[in-house]
Amino acid sequence: MTYKLTQISAEEMRIAAAGVRPLPVEQSRAWDAFDERCGRQVFGRYAFTMNDRTIALISLTEFSIRGVKFLWAKKGPVWLRSQSPANERALRKALIKEVKKRDPKVVFIRLHAKYSAPDLRELLQTMTFDRTVLVNTGGGDQDAILETMPKDGRRSVRRSIKRMIEGGARAKDLTGLTREEFTPIYQVICETADRDGFHAHPEEVYWNMLDALGPEHARLFGVEYEGEIVAWVLVLVNDRKAYAYYGAHSLKAREVLASEYLDFWAAKTLGEDGVETLDLMGVDSTRCPELYDLGIYKRRFAKDDVEVDGA
Numbered sequence: 006m007t008y009k010l011t012q013i014s015a016e017e018m019r020i021a022a023a024g025v026r027p028l029p030v031e032q033s034r035a036w037d038a039f040d041e042r043c044g045r046q047v048f049g050r051y052a053f054t055m056n057d058r059t060i061a062l063i064s065l066t067e068f069s070i071r072g073v074k075f076l077w078a079k080k081g082p083v084w085l086r087s088q089s090p091a092n093e094r095a096l097r098k099a100l101i102k103e104v105k106k107r108d109p110k111v112v113f114i115r116l117h118a119k120y121s122a123p124d125l126r127e128l129l130q131t132m133t134f135d136r137t138v139l140v141n142t143g144g145g146d147q148d149a150i151l152e153t154m155p156k157d158g159r160r161s162v163r164r165s166i167k168r169m170i171e172g173g174a175r176a177k178d179l180t181g182l183t184r185e186e187f188t189p190i191y192q193v194i195c196e197t198a199d200r201d202g203f204h205a206h207p208e209e210v211y212w213n214m215l216d217a218l219g220p221e222h223a224r225l226f227g228v229e230y231e232g233e234i235v236a237w238v239l240v241l242v243n244d245r246k247a248y249a250y251y252g253a254h255s256l257k258a259r260e261v262l263a264s265e266y267l268d269f270w271a272a273k274t275l276g277e278d279g280v281e282t283l284d285l286m287g288v289d290s291t292r293c294p295e296l297y298d299l300g301i302y303k304r305r306f307a308k309d310d311v312e313v314d315g316a
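Residue numbers (my numbering): 6 to 316.
Below you can see the structure in the form of structure tokens.
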């Protein structure tokens with residue numbers, strides 16, 4: 006078995022994945038603009054071949070925390086074929102050799118893997134997931150989306166539609182709003198964080214993501230109720246796949262079941278634009294029990310979980 010790691014351009018990476026596997030936006034050229042806003046840069050993009058056939062692609066970004074330099078392949082590597090324990094291990098070995106040669110100051114590499122191995126370590130601070138829920142957008146057809154959902158999910162969505170109508174609330178596409186218009190929307194996630202016990206990022210993180218990625222790759226959907234945005238979801242899009250990256254809702258949003266309606270409406274709207282699935286970004290598993298409560302909610306939108314490579 007002959008393995009080889011070759012540095013490639015963003016365009017070469019796009020071409021290699023085309024028609025084989027969708028590239029997550031974080032592994033695409035589009036993400037570079039967001040990284041640059043955050044003061045980061047791409048370390049390198051690589052194709053990993055086995056017997057002269059490309060089996061995986063990876064883009065690594067430089068990070069530093071408290072003086073510790075590391076590389077992060079967010080949503081990577083992207084496996085095109087032949088993802089086995091041996092091939093995952095061979096890729097990591099090749100990456101370590103390449104990184105040590107190019108920059109000995111790099112302490113570790115953060116990436117995703119399907120199989121556990123002695124050379125891998127669990128995350129110390131942030132939470133990962135290895136199962137998720139994909140909402141079938143049904144080409145934007147409301148009935149088609151409902152058909153793919155379990156019975157309790159259909160019931161929940163129909164109840165939210167009724168409550169939204171009764172309360173006079175409406176969903177809105179907020180994509181393209183100005184910096185000033187985003188500030189009151191940011192306050193919703195601050196309220197959500199205080200209530201649910203997590204830390205919201207600084208406002209600039211969300212705004213830079215929207216502004217740097219642009220409307221082709223970053224969408225913002227919200228629910229307006231009694232003159233204010235009470236719930237929103239920031240969705241990233243690439244290669245006809247969408248990911249619900251960040252979301253927030255105020256206590257007031259619960260009066261009209263805004264979150265339930267918004268996730269459904271976002272999937273429908275994305276489907277109308279040619280997106281095939283909306284990834285709700287993580288449910289619980291034996292590895293990630295902390296996501297249990299979120300998992301109960303997210304599983305209303307699909308009949309089955311989908312396995313993904315954990316970080």
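Ideal Cβ positions, reconstructed from N, Cα and C, are used throughout, including at glycine.
Out of the options, which has the shortest C-alpha to C-alpha gap to residue i?
i	options	result
W36	A52, K257 and R19	R19
W84	T54, H204, Q46 and A15	T54
V25	N56, L62, Y248 and R42	L62
F203	E209, Y211, I194 and E281	I194
E196	K156, A118, I234 and A122	I234
F269	S89, A307, A205 and I70	A307
W237	Y211, D135 and R136	Y211
N56	R71, S87 and P29	S87
V30	K79, Y51, E127 and K102	K79
A15	L28, Y8, S33 and Y191	S33
A95	P294, L139, I13 and L125	L125
E41	E67, A52, E221 and H222	E67
L285	A316, A99 and L299	L299
Could you please give the first and the last residue of the uninterrupted beta strand (DSSP E) stretch that includes residue i?
i	result
L62	R58 to I70
K246	K246 to H254
E233	E233 to N243
V73	V73 to W77
A122	Neither: A122 is in no beta strand (DSSP E) and is coded neither H nor E.
Based on the DSSP secondary-structure assignment, which residues constitute the bridge partners of residue i?
i	result
Q192	Beta-bridge pairing links Q192 to no other residue.
M55	Y8 and R58
N141	T282
G49	L65
L225	L239
G315	A118
Verify whether the separation of the beta carbon atoms of residue i and residue j is less than 7 Å.
i	j	result
F39	L218	yes
E93	Y120	yes
G44	L65	no
R292	G158	no
Y248	M169	no
L275	T180	no
V261	Y230	yes
T282	K246	yes
E312	R115	no
F226	A263	no
Q147	K273	yes
A223	L215	yes
Below 6 Å, is the gap between the Cβ of residue i and the nearest heavy atom of the ligand GTP?
i	result
R58	Among the ligands in the structure shown, none appear at all, so the ligand GTP cannot be discussed.
Counting along the chain, where does the alpha helix (DSSP H) carrying residue i start and finish?
i	result
A91	P90 to R107
F113	No alpha helix (DSSP H) holds F113; the beta strand (DSSP E) holding it covers F113 to R115.
D216	E208 to L218
A263	A263 to E277
Quiz item: What alpha helix (DSSP H) runs, 4 residues minimum, are completely inside the segment 8–40?
Solution: DSSP runs (the alpha helix (DSSP H)) wholly in the segment 8–40: 15–22.
Exercise. Counting only runs of 4+ residues fully inside the segment 153–184, write out the alpha helix (DSSP H) ranges in chain order.
Key: As for any alpha helix (DSSP H) of minimum length 4 sitting wholly inside the segment 153–184, the runs are 156–172, ordered along the chain.
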